[in-house]
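Okay, so here's the structure we're looking at.
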Amino acid sequence: MAPHPLLGEVEGPRFRGKRTRIIGLYASPPDGATVVCADELGPVIPRTFPPGPGWSPDGHRVKAELDYSRGPEKTWVYGGLRVADGQEITMTAPSRNSGFYQQFLQMLEEANPSGDIYVITDDLSSHNSLSTRTWLEAHPRIKHVFIPVGACWLNLQEAWWRIFRKAALAGQTFAGPDEIAQATRLTTTQLNTRARPWIWGRPAPPTRYLRRRYVYCL
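So this is what it looks like as structure tokens:
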């Protein structure tokens, strides 16, 4: 990466093109366009998930009994984070393939009825297969922006998954895919009620009006 940040459309001499384009979409998206970060979580197997890190009221760490039982069925959770307002769209599926991914893209298109949709995601086989590329030709508003290898931190959906795991999975016991799907819908609705825009970059430090403080002891 270049030593200085990206300013508008100007790129530094040492910037990497793919990363620069993604950061540019976060910082200054095209007029009328919607930027969505998409990813798949899973496979989520029906089982007892350990509780989230924390402390109990008596001052001890939260503990959970070990549970080695696992259900035979797997569930994949598709998620798309709209960066402008923090709204999330999720969908559960029994597997991760081109058909379910196209179904998820259809949900993104219906949730954003106007303007181009830039989908920032991984370059998986189901995302770039012949079937998906053929489907995209009939939906020209959706434009893929694949993140480079080793730069998953560019996908803000990864950070949303961390919030989702703590709210939907931590400390819960699931007997089957239906319960996982129900928890996904409920948690998505709850998180969307308090969603906020996701702003790329570190916030500016607060202004320090008092730089030094002298204390005199008499």
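Residue 799 is where the sequence shown starts when you use our numbering, and the numbers rise one by one after that.
Where is the CB? At the ideal position from N, CA and C, for every residue including glycine.
Please classify residue i as buried or exposed, where buried requires at least 16 neighbouring CB atoms within 10 angstroms.
i: residue 886; result: buried
i: residue 917; result: buried
i: residue 801; result: For residue 801, the pLDDT reaches just 43, beneath the cut-off of 50, and the residue's location in the model is therefore unreliable, although a value from the coordinates is still provided. Under this definition residue 801 is an exposed residue.
i: residue 935; result: exposed
i: residue 877; result: buried
i: residue 950; result: exposed
What would DSSP say about residue i, mapped onto helix, strand or coil?
i: residue 806; result: Per-residue confidence for residue 806 stands at a pLDDT of 48, beneath the threshold of 50, marking its modelled position as unreliable; the derived number appears in the next sentence. Residue 806 falls in the coil class under three-state DSSP.
i: residue 874; result: strand
i: residue 839; result: strand
i: residue 985; result: helix
i: residue 961; result: helix
Can you list, in chain order, the residues of its chain whose CB lies under 6 Å from that of residue i, leaving out five sequence neighbours each side?
i: residue 884; result: 993, 994, 995, 996
i: residue 942; result: 917
i: residue 898; result: 891
i: residue 967; result: 847
i: residue 972; result: 844, 978
Between the alpha carbons of residue i and residue j, how many angstroms are there, rounded?
i: residue 819; j: residue 904; result: 24 Å
i: residue 804; j: residue 830; result: Residue placement at residue 804 is poorly supported in this model, since its pLDDT is 48, which falls under 50; the coordinates are not used for a value here.
i: residue 874; j: residue 895; result: 10 Å
i: residue 825; j: residue 962; result: 25 Å
i: residue 974; j: residue 907; result: 29 Å
i: residue 956; j: residue 998; result: 14 Å
By Cβ distance, which residues of its chain are closer than 8 Å to residue i, with the 5 residues on each side in sequence left out?
i: residue 988; result: 965
Could you check whether the Cβ of residue i sits closer than 8 Å to any heavy atom belonging to the ligand FAD?
i: residue 900; result: The model on display carries no ligand, and the ligand FAD is accordingly not part of it.
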